[in-house]
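Undergrad: Just so you know, our numbering puts 44 at position 44 of the sequence shown, and the rest follows in order with no gaps. No residue lacks a Cβ here, since even glycine has one placed at the ideal position from N, Cα and C. Only a predicted model underlies this, so the values are computations on that prediction, with no experimental measurement involved. There's a structure below that I have some questions on.
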Amino acid sequence: MKPKAILSVGLFMADEWLRGIIMYFRWRSRIWERKSLIVKMEPEYGSSSVPLEKPQ
1 MKPKAILSVG
11 LFMADEWLRG
21 IIMYFRWRSR
31 IWERKSLIVK
41 MEPEYGSSSV
51 PLEKPQ
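Printed below as a string of structure tokens:
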């Protein structure tokens, strides 16, 4: 292999390892749970496709 090809492969591997390490720590810190594009809403009574029993 040419030295340029070896360097390219090495840089690719280093990039993937760095990305993996960053994602590991991000996953462990649970930061991703606080970032959301969709707002969670409470389901309304009767909006489910599963029939619900009326409270007595």
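With DSSP as the reference, label I6 as helix, strand or coil.
TA: Residue state, collapsed to three classes: helix.
Undergrad: Alpha carbon to alpha carbon, what distance is there between L11 and E33?
TA: Spanning the two alpha carbons is a distance of roughly 31 Å.
Undergrad: Alpha carbon to alpha carbon, what distance is there between F25 and L18?
TA: 11 Å
Undergrad: In this structure, how does DSSP classify M13 when only helix, strand and coil are distinguished?
TA: helix
Undergrad: Just how far apart, CA to CA, sit E16 and K35?
TA: 23 Å
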